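Line by line, the protein sequences give chains A and B.
To get this note's numbering, take the position in the first sequence, counting from 1, and add 77.
To get this note's numbering, take the position in the second sequence, counting from 1, and add 142.
Before any comments, here is the structure.
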Amino acid sequence: MGENKIRVLIAKPGLDGHDRGAKVVAQALRDAGMEVIYTGLRRTPDQIVSAAVQEDVQVIGLSSLSGAHNHLFKKVAELLQEKGHEDILLIGGGIIPEKDRKQLEDVGFDRIFSPGTSTEDIVSYIKEKVNG
Amino acid sequence: MGNQVNELARGIIAGEEKALAKGLTFIENRKSGYRELLDSIYPEVRSCPIWGLTGAPGVGKSTITNYLVDSLANRSERIGVIAVDPTSPFSGGAILGDRVRMMDLAGREGIFIRSMASRGALGGLSPAIMDAVSLYQAFGVDRILVETVGVGQSETDIVSLADTVAVIMMPGTGDDVQTIKAGLLEIGDIFAVNKADLEGAETLAGLLQSMLSSRNGDEKWVPPVIKLVASQGQNLDTLLEKFLDHQKSLEKSGQKEKKEKMRNEMALKMHLQARFQDLYLGPLLGTEDWEKAIKSINRREKSPAYWAEKLISRSD
Ligand code: B12
Ligand SMILES: Nc1nc2c(ncn2[C@@H]2O[C@H](COP(=O)(O)OP(=O)(O)OP(=O)(O)O)[C@@H](O)[C@H]2O)c(=O)[nH]1
Ligand SMILES: [Mg+2]
Numbered sequence: 078m079g080e081n082k083i084r085v086l087i088a089k090p091g092l093d094g095h096d097r098g099a100k101v102v103a104q105a106l107r108d109a110g111m112e113v114i115y116t117g118l119r120r121t122p123d124q125i126v127s128a129a130v131q132e133d134v135q136v137i138g139l140s141s142l143s144g145a146h147n148h149l150f151k152k153v154a155e156l157l158q159e160k161g162h163e164d165i166l167l168i169g170g171g172i173i174p175e176k177d178r179k180q181l182e183d184v185g186f187d188r189i190f191s192p193g194t195s196t197e198d199i200v201s202y203i204k205e206k207v208n209g
Numbered sequence: 143m144g145n146q147v148n149e150l151a152r153g154i155i156a157g158e159e160k161a162l163a164k165g166l167t168f169i170e171n172r173k174s175g176y177r178e179l180l181d182s183i184y185p186e187v188r189s190c191p192i193w194g195l196t197g198a199p200g201v202g203k204s205t206i207t208n209y210l211v212d213s214l215a216n217r218s219e220r221i222g223v224i225a226v227d228p229t230s231p232f233s234g235g236a237i238l239g240d241r242v243r244m245m246d247l248a249g250r251e252g253i254f255i256r257s258m259a260s261r262g263a264l265g266g267l268s269p270a271i272m273d274a275v276s277l278y279q280a281f282g283v284d285r286i287l288v289e290t291v292g293v294g295q296s297e298t299d300i301v302s303l304a305d306t307v308a309v310i311m312m313p314g315t316g317d318d319v320q321t322i323k324a325g326l327l328e329i330g331d332i333f334a335v336n337k338a339d340l341e342g343a344e345t346l347a348g349l350l351q352s353m354l355s356s357r358n359g360d361e362k363w364v365p366p367v368i369k370l371v372a373s374q375g376q377n378l379d380t381l382l383e384k385f386l387d388h389q390k391s392l393e394k395s396g397q398k399e400k401k402e403k404m405r406n407e408m409a410l411k412m413h414l415q416a417r418f419q420d421l422y423l424g425p426l427l428g429t430e431d432w433e434k435a436i437k438s439i440n441r442r443e444k445s446p447a448y449w450a451e452k453l454i455s456r457s458d
């Protein structure tokens, strides 16, 4: 009975105004049959986590191209752990150097996608992780 | 299974946010056990005013909702928001973007916002949305705001859900005689012309006013037409007042109970329809009888109407 739609929250933390990538990803996920809660620009980590909890999403995707990812992404990961939501798949993308990528994966990110990633890869990664 | 349902019900009734969030997913996905969940919370449902905002895509519904929720929360009300966006008929997916205009509400005490996809429900309202209202009312909110996309004629469902409906329009997008005719005029308790900073607002408001004056004359409530510039916060306080006025008028005239009864009837109907589908239509699909009927219809031997009658009398 019923169908389980994958619900994803896409957010851009901080002051970064580059939203093209986030929108491209949001549309690709929609086209793959997912329900995407798009929260727009300039969100605080608190707002992002609180929205994710109320929306009961299985996935949070953050996007950053301005270089502020280390602090902001980490804060989101910390808040999720604090509130006991480690079960939410946490991913990100944008301009994020290799060494930062590793660090973010150490603090709780499941995967960081770099520029040029095909959206199909993102879709299949999410589907595989969520549906097993 | 039973345990999970009990735990969800307990949490929702106790006012736990996480339980409400999980419970909403549970009923939305029609997980087995969702009926038990609804049943266990139902005695704790406390009715509260339900306000609906509807109108064409992009007219400013979320901007307005954001203001209303902010104001009401400042008066220490607990507010539940249901923001509906359309499901893509091609992929079954959806982009739920209403939070873009409501993000400052995120994380604030006493405000719960849920984005829901229409999931194929024509009028923009699915049975799951009716049930979501029940969950909110068992969780404990003082007021519920529902934002739905107005897509012409099919939008009239909102009337049976909300106590007060505000129809939002804007100038210059074909919100003219054509669209106004399409039933919107009958469903609104309040009419708002948003984006009054743009050209044509005056004309649209005038047109609305004149069309409304020919609406059923002996009503107690005369639907007001107000002009807004939501993005600048202009006149939104007036809109809030009109909502509160309408609510008082409903209480005074005894209409409130009537609305509640209508809502319950609608909910029962929607659940029955779903059950009929499960019980009768589902088992028929693809059966030998089904194929036989299709063949006969293709050959124009008998009509679909004939076979519907035939199949239903056979399926008990
Ligand atoms: C277009 C662009 C702009 C546009 C943005 C338009 C918009 N609304 O998005 C404009 C002109 C406004 C702009 C302005 C600025 N920009 Co600019 N901009 C770019 C540019 C050329 C392309 C970005 C882009 O849109 N790519 C296309 C999208 C589809 O790709 P993407 O975002 O990388 O997303 C992909 C992946 O990263 C991943 N992904 C991204 N997000 C997410 C999220 C999730 C959940 C997942 C799973 C995957 C994922 O998947 C996507 C698909 O493959 C980049 C350079 C570059 N090559 O990246 C510079 C760049 C990002 N900008 C830069 C800068 C400095 C600026 C400005 C500060 C000033 C300036 N020099 O112009 C301003 C600041 C704007 C602001 N308010 O923040 C720098 C940032 C430097 C840094 N990080 O240290 C860059 C890198 C250019 C450079 N080499 O200097 N910019
Ligand atoms: N010029 C002008 N723009 C406005 C006004 N109110 C809202 N907008 C803008 O209109 C756009 C849509 O606003 P929303 O509040 O998202 O509209 P909506 O009806 O909720 O949209 P959907 O949910 O997508 O149907 C945004 O860019 C707003 O900033 C207004 O009074 N004047
Ligand atoms: Mg909206």
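Yeah, the Cβ is synthetic: ideal placement off N, Cα and C, and Gly gets one too.
On a predicted model such as this, the values are computed, not experimentally measured, just so you know.
- Counting only the Cα atoms, Arg188/B lies some 27 Å from Asp240/B.
- Counting only beta-carbon distances shorter than 5 Å to the non-hydrogen atoms of ligand 3, the qualifying residues in chain order are Lys203/B, Ser204/B, Asp240/B.
- In the three-state reduction of the DSSP assignment, Pro192/A falls in the coil class, being assigned neither a helical nor a strand state.
- Following the DSSP letters along the chain, one finds Tyr115/A in no alpha helix (DSSP H) but inside the beta strand (DSSP E) bounded by residues 112-115.
- Taking 9 Å as the cut-off, the Cβ atoms of Gly117/A and Leu139/A do not count as close.
- Around the beta-carbon of Glu289/B, 16 or more other beta-carbon atoms lie within 10 Å, marking it buried.
- Listed along chain A, no residue sits closer than 8 Å to Glu178/B by beta-carbon distance, the nearest being about 12 Å off.
- Around the beta-carbon of Gly194/B, 16 or more other beta-carbon atoms lie within 10 Å, marking it buried.
- Residues of chain B whose Cβ lies closer than 7 Å to the Cβ of Asn81/A are, in chain order, Asn171.
- Shown in chain order are the members of the region 101-116 of chain A whose Cβ falls below 9 Å from a Cβ of chain B: Ala103, Gln104, Leu106, Arg107, Asp108, Ala109, Gly110, Met111, Glu112, Val113, Ile114, Tyr115, Thr116.
- With contacts defined as CB atoms closer than 9 Å, Ala270/B and Arg172/B qualify as a contacting pair.
- A distance criterion of 8 Å places the beta-carbon of Ile172/A in contact range of ligand 1, judged by its closest non-hydrogen atom.
- Distance from the CA of Thr194/A to the CA of Ala154/A, rounded to the nearest whole angstrom, comes to 23 Å.
- For Trp193/B, the secondary structure class from DSSP, reduced to helix, strand or coil, is strand.
- Contact annotation for Asp123/A against chain B: Ala248, Gly249 [CB-CB distance below 9 Å, chain order].
- By the 16-neighbour rule on beta-carbons within 10 angstroms, Gly144/B is exposed.
- Judged by the Cβ position, Gln376/B qualifies as a neighbour of ligand 2 at the 8 Å threshold, a heavy atom of the ligand being closer than this.
- Cβ neighbours of Gly234/B within its own chain (closer than 6 Å, five residues either side excluded): none.
- At a cut-off of 8 Å, the beta-carbon of Ser355/B does not count as near ligand 2: no heavy atom of the ligand is closer than that.
- The chain-ordered list of residues whose CB is nearer than 7 Å to some heavy atom of ligand 1 reads Ile87/A, Leu92/A, Asp93/A, Gly94/A, His95/A, Asp96/A, Arg97/A, Gly98/A, Ala99/A, Val101/A, Val102/A, Gly138/A, Leu139/A, Ser140/A, Leu142/A, Ser143/A, Gly144/A, Ile168/A, Gly169/A, Gly170/A, Gly171/A, Ile172/A, Phe190/A, Ser191/A, Pro192/A, Gly193/A, Thr194/A, Ser195/A, Thr196/A, Ile199/A.
- Legend: CB atoms of the region 123-141 of chain A lying less than 9 Å from CB atoms of chain B belong to residues Asp123, Gln124, Ile125, Val126, Ser127, Ala128, Val130, Gln131, Glu132, Asp133.
- One finds Gln131, Glu132 in chain A with Cβ atoms closer than 7 Å to the Cβ of Arg256/B, taken in chain order.
- Interface residue (Cβ-Cβ distance to chain A less than 9 Å): Phe418/B is not classified as such.
- In the assembly as shown, Ala343/B is a buried residue. Its beta-carbon has 16 or more other beta-carbons within 10 Å.
- Per the DSSP secondary-structure output, Met258/B pairs in a beta bridge with Val226/B.
- Residues of chain A with a Cβ closer than 8 Å to the Cβ of Glu159/B are, in chain order, Val130, Gln131.
- Counting of Cβ neighbours within 10 angstroms places Ala128/A among the buried residues, the total reaching 16 or more.
- Ser438/B has its Cβ no nearer than 8 Å to any heavy atom of ligand 2.
- Among the residues facing chain B, Arg97/A is not included, as its CB has no counterpart in that chain under 9 Å away.
- Between the region 179-186 of chain B and the region 134-152 of chain A, the count of Cβ pairs shorter than 8 Å is below three; the stretches do not touch.
- Lys452/B and Met408/B have their C-alpha atoms spaced approximately 28 Å apart.
- By the criterion of at least three beta-carbon pairs nearer than 8 Å, the region 240-250 of chain B is not in contact with the region 416-436 of chain B.
- In the structure shown, Phe385/B falls within a helical segment according to DSSP collapsed to helix, strand and coil.
- With a cut-off of 8 Å on Cβ pairs, the region 109-116 of chain A is not in contact with the region 161-177 of chain A, counting fewer than three such pairs.
- The distance from the Cβ of Ala151/B to that of Leu179/B is about 6 Å, consistent with a contact at the 8 Å cut-off.
- Pairing Ala304/B with Val102/A, the inter-Cα distance amounts to about 35 Å.
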